[in-house]
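Asker: Attaching a single structure in structure tokens format; questions to follow.
Number of protein chains: 2
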Amino acid sequence: MILDATDKKILRLLQEDAHMTLKDIANKINLSLTPVHDRVKRLEKEGIIEKYVSVLNKKKLGINLTVYCQVTLIKQNYDISEGFNQSILNFPEVVECNFVSGSFDYMLKIVLPDMESYHHFHQKKLSILPEVSLINTFFVISEVKSTTVLPI
Amino acid sequence: MILDATDKKILRLLQEDAHMTLKDIANKINLSLTPVHDRVKRLEKEGIIEKYVSVLNKKKLGINLTVYCQVTLIKQNYDISEGFNQSILNFPEVVECNFVSGSFDYMLKIVLPDMESYHHFHQKKLSILPEVSLINTFFVISEVKSTTVLPI
DNA sequence: TAATATTCAGAAAAATTTACTGTAAAAATA
DNA sequence: TATTTTTACAGTAAATTTTTCTGAATATTA
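Chains C and B, in that order, are what the protein sequence lines are.
Numbered according to the numbering used here, the first sequence terminates at residue 152, and the numbering increases by one at each position without gaps.
Numbered according to the numbering used here, the second sequence terminates at residue 1152, and the numbering increases by one at each position without gaps.
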């Protein structure tokens, strides 16, 4: 599937604000409702638009600590990795987990209320996983940028 | 502002799918339209709900490479940091940038079409910033988890 | 106990999305 | 080259959703 200039304009708008009405979009890109509607539906159907979500304010929810954890496993084989992955998927405080190249195995991003919660998470949830060998933590002091907008 | 159980239920639903109708939400949590509408509006007004966005599919947009960069600045003072921050905000491929504690200064997450694009980004955009002293890159081999859903 | 807020239900109005009809331009085919 | 087919779009009407309004029930406060 090829995205033409109009598709990209629509995607750029919807990435920033999914609550724009079709009419708003139509006006912004000088089209009528029909093509905008059809294109959005097509983009949804093709899976280019994966989902629509609400972005909540961490601070106002009392989530005041973000950390990156570099995790090394005891071994790199399939079963060990899969076991670890499954545990991570069940940890709601882990918002990001990627298997990476380099001197460790996984890069995690974790969001928590405070340091005490992190201590608990580290001791009672992450470090006790049988697959985990090493954890190296970096604490976020200040968030410069955080966006769901992809460059298109 | 205190969130009661009903607010949290609404937030949990909207975090996963912002295209649920008020009626859908009302049905799921056994309420009528009015309180759901009023609560959502209040959550928006208070800034608990920050925005609504569309999540796009990286792969289908030809974005096949994700990397983490650990960046060290030449100095840690305010002007140097601010200069760096401003540049980062203007780089659309940088989707995440956090000032962190530890053996380097910033943790970046960058999304790009391929290795060639990363080479270009590294050489022509990141490493030439006057504030940057050191860059350490980790390539994502496989994405295990990536969510905008906060634990509430 | 009365007055005031707060929360919610139901209904009507306004706005948006969806579906339908048709036209013009571009592309494909004979 | 002419004809058919496809594609993209405009306009309108129906269906759905959001928004607004009215009022009742419960809890809070004076």
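C-beta: ideal position from N, C-alpha, C; glycine also.
Name the one or two DSSP bridge partners that Gln70(C) has.
Answerer: DSSP lists Met107(C), Asn136(C) as partners of Gln70(C).
Asker: Listed from N- to C-terminal order along the chain, which residues in the region 1016-1050 of chain B have their beta-carbon within a distance smaller than 8 Å of any beta-carbon of chain C?
Answerer: Residues passing the 8 Å Cβ filter: Glu1016, Asp1017, Ala1018, His1019, Glu1046, Gly1047, Ile1048, Ile1049, Glu1050.
Asker: When you compare only the Cα positions, how much space is there between Asp17(C) and Val53(C)?
Answerer: In a straight line, the C-alpha of Asp17(C) is about 10 Å away from that of Val53(C).
Asker: Please classify Tyr1078(B): is it buried, with 16 or more other beta-carbons within 10 angstroms of its beta-carbon, or exposed?
Answerer: Exposed.
Asker: Does the pairing of the region 1125-1142 of chain B with the region 101-114 of chain C give three or more beta-carbon distances under 8 Å?
Answerer: Contact between the region 1125-1142 of chain B and the region 101-114 of chain C is present, because at least three Cβ pairs lie under 8 Å.
Asker: What are the uninterrupted segments assigned as alpha helix (DSSP H) that are 4 or more residues long and contained completely in the region 1074-1123 of chain B, given in chain order?
Answerer: Whole alpha helix (DSSP H) segments, 4+ residues: 1078-1089, 1115-1120.
Asker: Take Glu1131(B) and list the residues in its own chain whose beta-carbon comes closer than 7 Å to its own, dropping the five residues that flank it on each side.
Answerer: Hits under 7 Å: Leu1073, Ile1074, Ile1080, Gly1083, Phe1084.
Asker: In the DSSP assignment, what are the bridge partners of Ser146(C)?
Answerer: Answer by DSSP bridge pairing, in chain order: Glu1096(B).
Asker: Put Lys60(C) into one of helix, strand or coil per three-state DSSP.
Answerer: In the structure shown, Lys60(C) sits in a helix (DSSP, three-state: H, G or I).
Asker: With C-beta atoms as the reference, is Val144(C) less than 8 Å away from Asn1098(B)?
Answerer: In contact: Val144(C) and Asn1098(B) (Cβ atoms closer than 8 Å).
Asker: Could you list which residues in chain B have their beta carbon closer than 8 Å to that of Tyr52(C), in chain order?
Answerer: Those are Asp1017, Ala1018, His1019, Tyr1052, Val1053, Ser1054, Val1055, listed as they occur along chain B.
Asker: Between the region 1101-1122 of chain B and chain C, which residues of the former have CB atoms less than 7 Å from a CB of the latter, in chain order?
Answerer: Those would be Ser1101, Gly1102, Met1107, Val1111, in chain order.
Asker: Between which two residues does the alpha helix (DSSP H) containing Lys8(C) stretch?
Answerer: 5-16 is the extent of the alpha helix (DSSP H) around Lys8(C).
Asker: Rounded to whole angstroms, what is the Cα-Cα separation between Gly192(C) and Ile1010(B)?
Answerer: The first residue shown for chain C is 1 and the last is 152, placing residue 192(C) beyond what the model contains.
Asker: When the Cα of Lys60(C) is compared with those of Val1067(B), Asn1057(B), Lys1028(B), Glu1050(B), which residue comes out closest?
Answerer: Per the Cα distances, Glu1050(B).
Asker: How would you list, in chain order, the residues of chain B whose beta-carbon sits under 8 Å from the beta-carbon of Leu73(C)?
Answerer: Here the premise fails: no neighbours, minimum Cβ distance about 12 Å.
Asker: Just to check my reading of the structure: His1119(B) and Ile1135(B) have Cβ atoms closer than 8 Å, yes? What is that Cβ distance to the nearest angstrom?
Answerer: The pair is not a contact, with the Cβ atoms about 12 Å apart (cut-off 8 Å).
Asker: Given that a residue counts as buried once 16 or more other Cβ atoms are within 10 Å of its Cβ, and exposed if not, what is Thr21(C)?
Answerer: Exposed.
Asker: In terms of alpha-carbon separation, which member of Gln1015(B), Thr1066(B), Asn1057(B), Gly1102(B) lies closest to Leu1043(B)?
Answerer: Here the closest residue by C-alpha is Gln1015(B).
Asker: For Leu129(C), which three-state DSSP category applies?
Answerer: Coil.
Asker: Between the region 1079-1103 of chain B and chain C, which residues of the former have CB atoms less than 8 Å from a CB of the latter, in chain order?
Answerer: Here the close residues are Asn1085, Ile1088, Leu1089, Pro1092, Glu1093, Val1094, Val1095, Glu1096, Cys1097, Asn1098, Phe1099, Val1100, Ser1101, Gly1102.
Asker: Here's the rule: buried if 16 or more other CB atoms are within 10 angstroms of the residue's CB, otherwise exposed. What is Lys58(C)?
Answerer: By the 10 Å Cβ count, Lys58(C) comes out buried.
Asker: Is DSSP giving Ile25(C) helix, strand or coil here?
Answerer: Helix at Ile25(C).
Asker: Roughly how many angstroms lie between the CA atoms of Leu33(C) and Met1001(B), to the nearest whole one?
Answerer: Near 39 Å, if we compare the C-alpha coordinates of Met1001(B) and Leu33(C).
Asker: To the nearest angstrom, how far is it from the Cα of Lys124(C) to the Cα of Pro113(C)?
Answerer: So the alpha carbons of these two residues sit roughly 16 Å apart.
Asker: Interface residues of chain C around Glu1143(B) at Cβ under 9 Å?
Answerer: Under the 9 Å cutoff, chain C gives Glu96, Cys97, Asn98, Phe99.
Asker: Does DSSP classify Glu1050(B) as helix, strand or coil?
Answerer: Here Glu1050(B) sits in strand by DSSP.
Asker: List the residues of chain B that Ser127(C) touches, going by C-beta distances under 8 Å, in chain order.
Answerer: Under the 8 Å cutoff, chain B gives no residues; its nearest Cβ is about 18 Å from Ser127(C).
Asker: Excluding sequence positions up to five away, which residues of its chain have a Cβ less than 8 Å from the Cβ of Val1159(B)?
Answerer: Here chain B has residues from 1001 to 1152 only, and residue 1159(B) is not among them.
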